[in-house]
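So the protein lines, in turn, are chains A and B.
Each residue of the first sequence is one higher than the last, beginning at 60 in the working numbering.
Each residue of the second sequence is one higher than the last, beginning at 60 in the working numbering.
Even glycine gets a Cβ: it sits at the ideal position worked out from N, Cα and C.
The model shown is predicted, which means the values in this text are computed figures rather than measured ones.
Number of protein chains: 2
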Amino acid sequence: MDINRTLNDLLVGLFRSITTIEEQSICTGEYRNMTTNDMHVIEAIGTGTPRNMTAVARALGVTTGTLTISMNSLVKKGYVERVRSEEDRRVVLVSLTAKGKRAFEHHEKFHREMIRHVVEMLNEDEKRVLEKSLEGLNGFFRKMQQQSE
Amino acid sequence: MDINRTLNDLLVGLFRSITTIEEQSICTGEYRNMTTNDMHVIEAIGTGTPRNMTAVARALGVTTGTLTISMNSLVKKGYVERVRSEEDRRVVLVSLTAKGKRAFEHHEKFHREMIRHVVEMLNEDEKRVLEKSLEGLNGFFRKMQQQSE
DNA sequence: AAAAATGTTTTGATACTCAAAGCATTTTCG
DNA sequence: CGAAAATGCTTTGAGTATCAAAACATTTTT
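Structural data, given as structure tokens:
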């Protein structure tokens, strides 16, 4: 079962790479003062209609307390806008500023390039196989996660 | 090109799952007081002959200052042993204690299980496609890394 | 109207990170 | 040889990230 060894090494290597490279290639230039965490928060807020803190926190898997801290920094850096909801004044709605949207787009582009690079070397059948494998993996992990809850 | 979108979502989801599940399933039981970071340091030290701080720090991609802090905690928790080298008294050699080796083994087992589960649900062709895709990703990251150096 | 629930922020504590300064030891070279 | 440079590690100072629990404001329930 040598393929197991290979897959393991690949996955481990990939993990190390993704964290470091994503950081290196995203938090640069105009976005130099942005951390990886900032980027993930921006990604979770998205470019649609404003979202409240609880929803974003849940999407990120952190507490709202933690998210408040992140937002403080993002607002100060000019990526995010905070508005109290008029309908329910307990709620805080967050959304991306123009600068925040540019950063979002920058991140998306990184992802698209990454995918393009992988997909480029696969034919249609292989793409479908990859999709199926990844879905299987996702299912497995979802199951594990539910088990431990 | 809707498959690109799907693949991207799958990869992003997968990445999120793996980090949380790894944490949940490793830092438990006997290893409750261990952080993910602790685990990665233990992994980098390995079960072979003692290694010096600089080598371990480089393997982890952190500064030696950061590693010193991690080591303080790991030594206090009883996972790691620190010894000044006799040949070159500037050098500090770190190695896993018996408890540290058990933790290492526990982590390895998690990886093996994960891979086993993944591989189990793929046939030979699918395995090869997955391998090829992961290699593609690795290639992409290597290229990016070289660019930014 | 009082009590409970909800949404967010604040607080207090711990972990992780880096750059730069400091310390001890070894190597280099005049 | 002996001073200067280099090496290996730790400490320091500062910033970010994290959580649980307490505090606060507002809305909903009773």
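Cutoff 7 Å; reference residue i; Cβ partners in own chain excluding five residues on either side
{"i": "glutamate 164 (chain B)", "result": "none"}
{"i": "asparagine 92 (chain B)", "result": "Lys136"}
{"i": "isoleucine 104 (chain B)", "result": "Arg110, Val115, Val139, Val153, Ser154, Leu155"}
Outcome for residue i when other beta-carbon atoms lying within 10 angstroms are tallied against a minimum of 16
{"i": "alanine 157 (chain B)", "result": "exposed"}
{"i": "valine 178 (chain A)", "result": "buried"}
{"i": "methionine 98 (chain A)", "result": "buried"}
{"i": "serine 144 (chain A)", "result": "exposed"}
{"i": "isoleucine 174 (chain A)", "result": "buried"}
{"i": "isoleucine 128 (chain B)", "result": "exposed"}
{"i": "glutamate 81 (chain A)", "result": "buried"}
{"i": "valine 142 (chain A)", "result": "exposed"}
{"i": "methionine 180 (chain B)", "result": "exposed"}
{"i": "valine 188 (chain A)", "result": "buried"}
Run of the alpha helix (DSSP H) containing residue i, from where it starts to where it stops
{"i": "threonine 78 (chain B)", "result": "61–85"}
Same chain, Cβ closer than 8 Å to residue i, neighbours up to 5 away in sequence not counted
{"i": "lysine 160 (chain B)", "result": "Thr106"}
{"i": "leucine 126 (chain A)", "result": "Val100, Met112, Val115, Ala116, Leu119"}
{"i": "isoleucine 85 (chain B)", "result": "Met93, Thr95, Met98, His165, His166, Phe169"}
{"i": "leucine 133 (chain A)", "result": "Asp97, Val100, Ile101, Val139, Gly159"}
{"i": "threonine 108 (chain B)", "result": "Ser154"}
Cβ shell of residue i (< 6 Å), same chain only, five flanking positions each side left out
{"i": "glutamate 185 (chain B)", "result": "none"}
{"i": "arginine 198 (chain A)", "result": "First, the residue type needs correcting, since residue 198 (chain A) is glycine and not arginine in the sequence shown. For glycine 198 (chain A), where only same-chain residues beyond five positions count, there are no Cβ hits under 6 Å."}
{"i": "isoleucine 62 (chain A)", "result": "none"}
{"i": "leucine 196 (chain B)", "result": "none"}
Contained alpha helix (DSSP H) runs [length at least 4] in the region 92–160 of chain B, N- to C-terminal order:
95–104, 112–119, 123–136
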